[in-house]
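The structure appears below as structure tokens.
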Amino acid sequence: MVRRSSSPLATPWGRLALTSLTHGHPVTVVTDPDMEPAMGRLLVALSTQVDQVAERRR
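The sequence shown begins at 0 in numbering that gives the first Met the number 0 and counts up one residue at a time.
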């Protein structure tokens with residue numbers, strides 16, 4: 000059985016942002032418009048620069 004956490008910090012982006020904050024390395028995440036607003040706010044709160052492209056490339 001695979002157990003998934005509902006915590007945003009359990010996502011790869013959340014772990015990367017937390018690690019970068021801990022070690023003082025800047026991180027920029029480029030995302031499509033489908034990123035959940037809560038995840039974007041969390042990343043910004045963890046000092047991550049979030050750049051959202053205008054449209055999703057197909």
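Idealized CB from N, CA, C, for every residue including glycine.
**Asked** Pick from V29, T18, P25: whose alpha carbon is nearest that of R55?
**Response** V29
Exercise for the section: Sort out for me which residues DSSP pairs T47 with in a bridge. Expected result: Per DSSP, none; premise fails for T47.
- Where T10 falls: helix, strand or coil (DSSP): coil
- Just reading off the beta strand (DSSP E) that V26 is part of, what are its end residues? Where V26 is concerned, there is no enclosing beta strand (DSSP E), given that its DSSP letter is neither H nor E.
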